[in-house]
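Numbering (this note's numbering), first residue to last: 5 to 287.
Ideal placement from N, C-alpha and C gives every residue a C-beta, glycine not left out.
Everything numeric in this text was worked out from a predicted model, so none of it was measured.
Shown next, in structure tokens, is the structure this report addresses.
Structure, rendered in structure tokens:
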């Protein structure tokens with residue numbers, strides 16, 4: 005007859021159950037990867053960036069050919085640099101609209117489909133999602149914008165060279181226009197992301213952003229008052245196109261670095277409003 009010795013309950017193996025905090029905790033690099041996958045998987049991302057590049061190349065070629073045909077005689081060196089800057093950065097004025105639409109769709113599309121609920125349930129603190137979206141959108145749009153502005157320079161330069169107008173890409177002013185154009189496009193996209201977070205509607209967010217970029221400057225120009233004229237240099241598009249080297253001679257007495265701060269102020273205000281509402285409102 006055999007006897008079985010039972011272990012006391014105190015000696016039984018203990019299993020550690022994961023806490024809710026540990027299972028729900030998602031590190032920021034993982035959130036970044038998730039948002040990068042989302043951005044790549046959006047159909048709007050592909051056509052938006054494709055349109056942005058095609059617009060830049062096409063408009064640069066058109067403007068360079070137009071300017072080259074109208075140039076007569078010898079052009080001073082400073083004027084040559086200004087012309088090359090204008091050709092390289094001219095497409096950004098239209099490209100900003102594409103970047104703005106993409107920025108709104110990146111967040112408002114999730115609200116529209118309801119996918120934002122699963123996103124925020126996996127990241128209960130919520131705000132890391134907004135920061136990750138901002139970083140991914142900024143980096144991607146900056147790279148695509150840089151391809152667009154450099155491509156505009158490479159297409160426009162040979163056409164201008166036929167009229168003896170040339171400036172190297174390493175010229176500080178040309179480089180400021182090329183890099184500044186890409187930076188401005190990236191900041192516009194992030195600004196639109198903040199607006200989309202506040203509005204949570206694709207159509208509404210696009211309407212608000214395009215109204216700020218296009219309609220607001222026109223409205224202020226039509227108001228015959230000093231306060232309206234004094235506000236124009238502090239508008240998003242006016243400060244951006246001037247401070248980032250895309251346009252020169254923007255009125256208002258602001259230095260380029262001050263205009264850059266104005267653009268950053270718009271972006272910070274947009275993201276701050278979006279962060280506050282994302283934290284307080286239900287998904």
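- Contact check for residue 125 and residue 275: beta-carbon distance about 22 angstroms, past the 8 angstroms limit, so the pair fails to qualify.
- Ranked by Cα distance from residue 101, the first of 286, 273, 241 is 241.
- Around the beta carbon of residue 158, fewer than 16 other beta carbons sit within 10 angstroms, so the residue counts as exposed.
- Leaving aside the five residues that flank residue 84 on each side, the residues in its chain whose CB is nearer than 7 angstroms to its CB run, in chain order, 169, 170, 171.
- Each residue's CA atom was taken as its position, placing residue 153 and residue 96 some 8 angstroms apart.
- According to the DSSP assignment, residue 238 belongs to no alpha helix (DSSP H), since it is labelled neither H nor E.
- In this structure, residue 201 keeps its C-beta atom at 9 angstroms or more from the C-beta atom of residue 268.
- Contact between residue 104 and residue 213 holds, with the beta-carbon distance rounding to 5 angstroms and staying under 8 angstroms.
- At a Cβ-Cβ threshold of 9 angstroms, residue 207 and residue 142 do not count as neighbours.
- For residue 286, there is no enclosing alpha helix (DSSP H), since its DSSP letter is neither H nor E.
- In the displayed model, residue 189 falls within a helix according to three-state DSSP.
- Using a C-beta cut-off of 8 angstroms, the region 74-94 makes contact with the region 53-64, since at least three inter-stretch Cβ pairs fall below that distance.
- For residue 33, the closest of 127, 244, 205 by C-alpha to C-alpha distance is 127.
- In the structure shown, the three-state DSSP call for residue 95 is coil.
- Buried is the label assigned to residue 144, since at least 16 other Cβ atoms lie within 10 Å of its Cβ.
- Within the same chain, and ignoring the five residues on either side of residue 228 in sequence, no residue has its Cβ closer than 6 angstroms to its Cβ.
- Contact check for residue 210 against residue 239 fails: the beta carbons are separated by 9 angstroms or more.
- Between the alpha carbons of residue 55 and residue 49 lies a gap of roughly 10 angstroms.
- Fully enclosed alpha helix (DSSP H) runs of no fewer than 4 residues occupy 119-126 of the region 117-147, in order along the chain.
- Non-local beta-carbon contacts of residue 199 in its own chain, meaning distances under 7 angstroms to residues more than five positions away in sequence, involve 108, 209, 212, 213, 274 in chain order.
- Burial state of residue 114 is buried, judged by a 10 Å Cβ sphere holding 16 or more other Cβ atoms.
- In the displayed model, residue 77 falls within coil according to three-state DSSP, outside both helix and strand.
- When C-alpha distances from residue 116 are compared across 203, 221, 69, the shortest belongs to 203.
- If you draw a straight line from the Cα of residue 40 to the Cα of residue 110, it comes to about 11 angstroms.
- 218 is the residue among 218, 131, 166 whose C-alpha sits nearest the C-alpha of residue 99.
- Annotation: the continuous alpha helix (DSSP H) that includes residue 37 extends over 32-45.
- In this structure residue 277 does not touch residue 163 by the C-beta definition: roughly 44 angstroms separates them, more than the 8 angstroms allowed.
- By the C-beta density criterion, residue 166 is exposed, having fewer than 16 other C-beta atoms within 10 angstroms.
- Where residue 218 is concerned, there is no enclosing alpha helix (DSSP H), because DSSP gives it neither an H nor an E.
- For residue 53, same chain residues with a beta-carbon under 6 angstroms away, outside a window of 5 residues either side, are 148 in chain order.
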